Structures are given as C-alpha cells and as structure tokens.
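Read through the structure below, which is laid out as structure tokens, and then see the notes.
2 protein chains.
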Amino acid sequence: MTSTNKKKGLKLRAQPKEVRKDQLIRATMKCIARTGLSGVTMARVTTEAGLSLGIANLHFKSKEKLLLETLEFVTAEYSRGQQEILNSESYPGVAAKLEALLEFDFSTPVTDKDKMAVWFAFLGEAKSRPTYQRICSRRDSMAEAQITRLFQTVIDEAAYPHANAELTAAGYIALVDGLWLNTLVAPRRLPRKKAHRVARHYLASTFPQHISPEP
Amino acid sequence: MTSTNKKKGLKLRAQPKEVRKDQLIRATMKCIARTGLSGVTMARVTTEAGLSLGIANLHFKSKEKLLLETLEFVTAEYSRGQQEILNSESYPGVAAKLEALLEFDFSTPVTDKDKMAVWFAFLGEAKSRPTYQRICSRRDSMAEAQITRLFQTVIDEAAYPHANAELTAAGYIALVDGLWLNTLVAPRRLPRKKAHRVARHYLASTFPQHISPEP
DNA sequence: GCCACGAATGAATGATCATTCATTTGTTGC
DNA sequence: GCAACAAATGAATGATCATTCATTCGTGGC
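Okay, here's the thing in structure tokens:
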C-alpha cells in the first residue's frame with residue numbers, strides 16, 4: 000500500500016490474500032477446462048498460476064475448498080448478472096427484459112469455455128452433487144420462480160392461447176443448459192451463434208408478439 | 000453348457016467372458032452414479048460386482064477401457080431404441096412417430112438414474128471428451144439429421160407459419176439433454192414426469208396440429 | 001476319479017498426489 | 001539500514017490406487 004510496492008514489477012513476492020486467491024481460482028478454471036475435474040492436481044494448478052506448490056494449501060485450506068470456491072465464483076458471477084436483469088425496472092417493457100435475458104445467456108462472458116467447463120464438471124460428478132446443491136439450489140429455485148413470473152406477465156399481456164408460464168420457464172432453463180452443454184462438447188456441430196438462434200426461436204415461437212425469430 | 004453348471008448355484012466360479020463383462024459394466028454404472036467418475040476405483044467396482052480385485056484387469060485390459068466400454072454400453076442402448084423408432088415405417092403417421100420419440104426419451108429405462116449419471120459424467124469431464132467424441136459424434140450427427148428430416152415432414156404436412164425444422168430439432172435435442180440434467184441433479188425441483196410434460200409442451204406449441212399438450 | 005487347463009483371486013508393487021512444515025525471501029515500521 | 005514479521009517455497013511424507021502375477025480353485029474330458 001505504501002511506496003515500495005510500486006517500485007518495480009520484477010519480483011512482487013508478497014501479495015494480498017485476495018489477489019492470490021483470484022489467481023488460483025482462475026488457474027483452477029483453466030485446469031478444469033483442459034483436463035477435467037479428475038485431472039486437476041495441486042501441482043498443475045499452481046504451475047498454471049506461476050506459483051509454488053504449497054501456496055494453494057496456504058490460501059485455501061485444502062484442494063476441496065479450492066474447487067468449491069471455484070464453483071462458487073462461476074455461479075455467483077452468472078447469478079449476479081441474471082439478477083441485475085430480472086430485478087431491473089428500467090426496461091421499457093417485458094419484451095425488452097425478455098430480450099435482455101436471452102442476450103445475456105448467450106453473451107461471450109457467460110458462454111466462456113472455461114466457465115462452462117467448471118459448471119458441467121461439477122454437475123457431472125455425483126460426488127460433488129451435495130456440494131453443488133448447497134451452493135446452487137436456493138439460487139436456482141429463486142431464479143426459476145422469477146423467470147416464471149416474468150413469463151406469466153408476458154402471457155397476460157398478449158393472451159397467448161396455450162402458453163403455460165411454469166412449463167415454458169422450466170423449458171427455457173433446461174434448453175439453455177442443454178444448448179450450453181452441446182456447444183461445449185461439440186462446438187462444430189452447435190456453434191455459439193446457432194445455440195443463440197435456437198433459444199431465440201424457442202422464445203419467438205412461444206411469445207411471437209414479444210420476440211422476433213431474427214435478432 | 001453341460002450338466003455340471005446347473006447342479007448348484009452355490010459356487011459358480013468360472014463364467015463366460017460375456018457374463019463377467021456385463022457384471023462389471025453394471026457395477027461400474029452404479030459406482031459412477033454413486034461416487035462420480037473420479038470416485039470410481041477398481042476396488043469399489045469389483046466389490047460392487049461381488050468379485051475379486053484383479054478381475055477387471057483380466058477382462059478389460061485397463062480401467063480406462065472399462066470406463067470406455069461402460070459409456071459405449073449406455074450410448075449404444077439409447078441409440079438402438081431411438082433408431083428403431085426413427086427407422087420404423089409401421090407408424091400410422093408422423094404424429095404417431097413424434098409421439099413415440101417423446102415417450103421413448105422420457106421412458107423409465109432411458110431416464111434411469113445410473114445411465115444418465117454415466118452419460119453426464121463423461122460429458123462433464125474435459126479429459127474424456129475426445130473419447131466421448133469418438134464414441135458418440137457420428138451417431139449424434141446422424142440422429143440430429145434424422146430428427147430434422149422428421150420435423151420437416153411434420154412442418155410440410157401442416158404448413159406451420161414460422162417453424163424451422165433445423166432450429167426446432169437442435170432445440171428439441173438440447174431441451175431433452177437439459178431436462179435430463181436438471182432431473183438428475185435436482186429431482187425434487189424437476190421430477191421425471193414434469194420434465195416429460197415440459198418436453199411435450201415444447202413439441203405441442205411448435206406442432207399444435209400433431210401433438211396435444213396433454214398426454 | 002483324476003488330470004490339465006483356464007478362470008479367479010488378492011497380496012505385493014510402484015506410481016501419483018495432497019498435505020505439511022522447516023527454510024527462504026521480501027516487506028514494513030522505526 | 002535493520003529487526004521482526006508475513007508471505008512464499010518445495011523437498012519430504014504418507015495415503016491412495018491401478019496393475020501385476022504367483023497361487024488357488026473349478027470344470028470338462030477321459
């Protein structure tokens with residue numbers, strides 16, 4: 000904080016806890032994306048971060064805690080962005096809010112390969128499912144309820160004949176998950192832009208008066 | 000094959016290779032569902048199968064091959080059932096075929112917890128994604144093309160205004176993946192029956208003249 | 001009833017990896 | 001400058017686990 004810190008960038012050894020934690024979490028994301036959860040080792044993570052082997056156990060108590068905080072980082076970031084849209088009252092109408100939600104879900108920060116890899120690595124591992132539940136369950140339930148309410152508002156506005164807010168919301172959430180998964184696993188078969196168009200087509204065919212099938 | 004085999008069920012030691020392989024693959028599925036890919040050990044798999052530690056390396060050359068054949072088993076079984084429907088010409092019309100596809104995707108054998116766990120365990124692990132690609136890529140592409148063709152037939156029959164076979168097919172496939180994933184991870188939030196209704200609602204809202212929103 | 005062979009076993013081996021902690025190194029207050 | 005402290009390091013440790021293979025055990029042919 001004082002003068003010596005800024006002297007030279009050559010060898011900053013001591014760094015605040017937050018900086019190191021962030022470095023390590025980012026390195027963990029990269030490792031998960033490259034090698035999968037089971038390929039993550041303390042040696043690989045710390046090498047990726049350009050630090051020494053022992054440092055991860057210094058700042059996080061254990062490997063498990065490091066992985067847990069990495070999942071928390073990714074889900075919290077997504078949730079924050081989503082909540083900002085859902086809670087905002089500055090959109091001109093529900094159509095604009097719907098559009099914003101869709102654009103957010105397929106924006107480049109959200110569909111980042113490393114972040115999606117973390118997400119699905121934890122979902123795929125039964126072992127970490129209880130952990131996942133603790134971190135994501137309440138959040139997921141609340142988001143689903145909010146999206147259902149948003150869809151209900153849209154339906155009430157236009158009197159769509161057969162639309163069902165609850166089923167459409169559950170469908171949208173699952174569709175986004177499935178599109179992300181397919182994009183992550185086979186980006187050639189389902190490029191990000193096509194995934195985006197598929198999701199838009201879904202909303203446009205359910206709410207034709209609010210969302211157009213072309214951007 | 001002769002007389003001695005049938006004498007007593009007490010201690011059948013020697014068994015044909017196929018029987019042992021099947022036993023081990025089923026035990027592997029159970030282990031993946033219970034502990035995740037990274038929790039699978041030879042000791043756990045062989046104990047689950049009620050056999051000795053060394054036997055998995057006897058029948059499969061390595062742990063990796065055992066896991067690979069387990070994935071192959073699950074995907075081949077699904078693919079076989081799906082192809083039977085898509086290639087059949089004994090349905091009274093495309094609507095019936097569409098209905099059969101939907102019922103198949105949410106039947107109890109397909110939505111079996113152990114099988115879905117295997118599926119998503121491999122999808123979630125970046126390390127095994129090349130393996131996954133080798134096993135599933137061609138199959139997945141072909142299935143997508145077939146479903147697109149089926150949807151195009153449906154669209155041509157009823158002249159749906161805005162429907163797009165390609166986007167609807169990609170959407171259906173992703174939706175089913177996403178619903179399975181949500182059902183597997185949070186069965187309380189999305190029970191199998193609700194997942195089924197969500198998928199039906201999707202098809203019904205896209206092809207209202209062919210599929211009804213209630214079963 | 002006995003032999004020979006193949007299937008099955010599980011103790012032993014060696015590799016990998018998380019975690020620890022004695023030592024080193026940079027930083028800050030004086 | 002220098003002492004006292006905190007951050008960082010990485011060699012050493014012990015635990016876990018896949019794999020091997022010498023031995024045991026059933027089975028079918030005779």
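Residue numbers (numbering that gives the first Met the number 0), protein chains in the order written: chain F, 0 to 214; chain P, 0 to 214. Here a beta-carbon is modelled for each residue, glycine too, at the ideal position from N, C-alpha and C. Here the structure is a predicted model, which means the values were calculated and not measured.
Give the single residue among F:123, F:171, F:65, F:143 whose Cα lies nearest to the Cα of residue 39 (chain F). F:65
Should residue 208 (chain P) go down as buried or exposed, given a rule of 16 or more other Cβ atoms within 10 Å for buried? exposed
Between the stretch 173-188 of chain P and the stretch 154-161 of chain P, do three or more beta carbon pairs fall short of 8 Å? no
For residue 163 (chain P), report the span of its alpha helix (DSSP H) as first-last. Neither: residue 163 (chain P) is in no alpha helix (DSSP H) and is coded neither H nor E.
Minimum Cβ-Cβ distance from residue 126 (chain P) to chain F less than 8 Å: yes
Thinking just about the alpha-carbon of each residue, which of P:168, P:184, P:195 is nearest to the one in residue 206 (chain P)? P:168
Is there at least one Cβ from chain F nearer than 8 Å to residue 119 (chain P)'s Cβ? yes
Alpha carbon to alpha carbon, how far is residue 78 (chain P) from residue 140 (chain P)? Give it in angstroms, no decimals. 12 Å
Hey, would you say residue 32 (chain F) sits closer than 8 Å to residue 125 (chain P), going by beta carbons? yes
Counting contacts by CB-CB distance shorter than 8 Å, is residue 1 (chain P) in contact with chain F? Unreliable placement is indicated for residue 1 (chain P), whose pLDDT of 36 sits below 50; the coordinate value is still reported in the next sentence. Cβ-Cβ to chain F under 8 Å: no for residue 1 (chain P).
Could you please give the first and the last residue of the uninterrupted alpha helix (DSSP H) stretch that includes residue 119 (chain P)? 112-123
Relative to the C-alpha of residue 179 (chain P), which candidate in P:166, P:80, P:106 has its C-alpha closest? P:106
Chain-order list of residues whose beta-carbon lies under 7 Å from that of residue 147 (chain P) (same chain, five-residue window excluded): 164, 165, 168
When the distance is taken between beta carbons, is residue 114 (chain P) closer than 8 Å to residue 153 (chain P)? no
Determine the closest residue to residue 150 (chain F) out of F:131, F:136, F:170, with distance taken between C-alpha atoms. F:170
DSSP-derived helix/strand/coil call for residue 149 (chain F): helix
So, using beta-carbon positions, are residue 117 (chain F) and residue 69 (chain F) closer together than 8 Å? yes
Under a Cβ-count criterion, where at least 16 other Cβ atoms within 10 Å of its own Cβ denotes burial, should residue 215 (chain F) be classed as buried or exposed? Only positions 0 to 214 of chain F appear in the structure, and residue 215 (chain F) is not among them; the question remains open.
Best match in F:155, F:193, F:201 for proximity to residue 173 (chain F) [C-alpha to C-alpha]: F:201
At the level of alpha carbons, what is the spacing between residue 81 (chain F) and residue 214 (chain F)? 20 Å
Helix, strand or coil at residue 60 (chain P) according to DSSP, with G and I counted as helix: coil
Under three-state DSSP, which class holds residue 210 (chain F)? coil
Could you tell me the alpha carbon to alpha carbon distance between residue 97 (chain P) and residue 175 (chain P), rounded to whole angstroms? 14 Å
Exposed or buried, what is residue 90 (chain F) when buried is set at 16 or more other beta-carbons lying within 10 Å of its beta-carbon? exposed
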